[in-house]
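Q: Residues 4 to 197 in my numbering are what the sequence shown spells out, letter by letter.
From the three backbone atoms N, C-alpha and C, an ideal C-beta is built for every residue, glycine too.
One structure follows; several queries about it will come next.
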Amino acid sequence: MKTGIFGGTFDPVHLGHLAAANEVRFRLGLDKVVFVPAGQPWQKAGRAITAGEHRLAMLAAATASNPFFEVSRVELDRPGPTYTIDTLAELEEAGELHLIVGADALLGLTTWRQWQDVVRRARVVAVTRPGTALPEGLAGLLPFPFTLVGSAGVAISSTECRERAAAGLPLSYLVPDAVVTYIEQHRLYQEGGA
Ligand code: ATP
Ligand code: MG
Numbered sequence: 004m005k006t007g008i009f010g011g012t013f014d015p016v017h018l019g020h021l022a023a024a025n026e027v028r029f030r031l032g033l034d035k036v037v038f039v040p041a042g043q044p045w046q047k048a049g050r051a052i053t054a055g056e057h058r059l060a061m062l063a064a065a066t067a068s069n070p071f072f073e074v075s076r077v078e079l080d081r082p083g084p085t086y087t088i089d090t091l092a093e094l095e096e097a098g099e100l101h102l103i104v105g106a107d108a109l110l111g112l113t114t115w116r117q118w119q120d121v122v123r124r125a126r127v128v129a130v131t132r133p134g135t136a137l138p139e140g141l142a143g144l145l146p147f148p149f150t151l152v153g154s155a156g157v158a159i160s161s162t163e164c165r166e167r168a169a170a171g172l173p174l175s176y177l178v179p180d181a182v183v184t185y186i187e188q189h190r191l192y193q194e195g196g197a
C-alpha cells in the first residue's frame, strides 16, 4: 500500500492543492492520498485560522468525487500544536508513506520539528508550485532525498482565496463548486464571519 500524506492548513482547499495531489498520485502510482488539515499550525501562529471543522468539511466536499482521495482528522483531534512527525507516527499502518509537499514547503522542511525523523519515516515528494522557484541542483543542496513532480502549475493560494472572499470577488473555478457554496453558506472569510 503506497499512501500519500498531504498536510496543510487548507484554509480553504483550492484547485492548486487538488491538482498537485492528483498529479503526484498519478505519477507515483499511489493507492491513495490522505489530506490532513492541521489542527493548530505552529508556523502560522500569528493568524486566526478558520475552525478545523470548517476546513475539514470543505476538504470532504472537495475530495468526495475522487475515490483515491481521503481526509483525515488526526491532527484536528490531537491537542496542542500540530507536528507532522506525530501524524506520520499515527498513520504508520497506512503502508509506505509518501509525504507530499509543495515547493515552498519543501524549502522549509528542515525547520520542521524532528525533520530527520520525518524524512526517515516518509519518502518526500515535492510538487512544483508557481511563484516558488527551485534552484538548479537543489537535490545536492537539501540534506534529504526527495522526488520532484512537475505539476501543470495552478497559481492559486488560500491567502488569495480568503482575500477575494473578503472583497466579495468570485471564487468559482479557483475552488470546487461545493467549496464555493460552503464558504457562502457559512459566511467564511468575511468581516465578522466564522
Ligand atoms: P496559505 O496562502 O494560507 O499559506 P496555501 O495555498 O499555501 O495557503 P497551504 O494549506 O499552506 O496552502 O498548503 C498546503 C500544502 O499545499 C503545502 O505543501 C503547499 O506547498 C501546497 N500547495 C498549496 N498551494 C499549491 C499550489 N497552487 N500548487 C502546488 N502546491 C501547493
Ligand atoms: Mg501556504
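(1) Reducing DSSP to helix, strand and coil, say where Thr131 ends up.
(2) Rounding to the nearest angstrom, what Cα-Cα distance links Met61 and Gln119 in this structure?
(3) Leaving aside the five residues before and after Ala65 along the sequence, list all residues of the same chain whose C-beta is less than 6 Å from its C-beta, in chain order.
(4) Can you find at least 3 beta carbon pairs, one from the segment 125-134 and one from the segment 26-39, that sit closer than 8 Å?
(5) How far does the beta strand (DSSP E) with Thr162 in it extend, from its first residue to its last?
(6) I need the boundaries of the beta strand (DSSP E) containing Leu102, first residue and last residue.
(7) Rounding to the nearest angstrom, what Cα-Cα distance links Gly134 and Arg81 in this structure?
(8) I want to check one thing, is the minimum distance from the CB of Gly42 to the heavy atoms of the ligand ATP below 7 Å?
(9) Taking all protein chains shown into account, do 16 or more other C-beta atoms lie within 10 angstroms of the C-beta of Ala142, making it buried, or fewer, making it exposed?
(10) Are there any heavy atoms of the ligand ATP lying less than 7 Å away from the beta-carbon of Gly11, as far as the coordinates show?
(11) By Cβ distance, which residues of its chain are closer than 7 Å to Thr113, with the 5 residues on each side in sequence left out?
(12) Quick one: give me the first and last residue of the beta strand (DSSP E) that Leu151 is part of.
(13) Going by CA-CA distance only, name the one from Phe149, Leu144, Arg165, Asp107 that's closest to Val122.
(14) For Ile186, report the span of its alpha helix (DSSP H) as first-last.
(15) Just the Cα atoms here: how many angstroms apart are Cys164 and Gln43?
(16) Taking only the alpha-carbon atoms, compute the straight-line gap between Glu56 and Gly98 and give it to the nearest angstrom.
A: Reading from the atomic positions:
(1) coil
(2) 32 Å
(3) Val16, Pro179, Val182
(4) Touching, yes.
(5) It is not in any beta strand (DSSP E) - Thr162 instead sits in the alpha helix (DSSP H) that spans 161-169.
(6) 99-105
(7) Taking the Cα positions, Gly134 is about 32 Å away from Arg81.
(8) no
(9) So Ala142 ends up on the exposed side.
(10) yes
(11) Excluding residues within five positions, the ones whose Cβ falls inside 7 Å are Pro146.
(12) 149-152
(13) Phe149
(14) 180-188
(15) 20 Å
(16) Cα to Cα, the separation comes out at about 27 Å.
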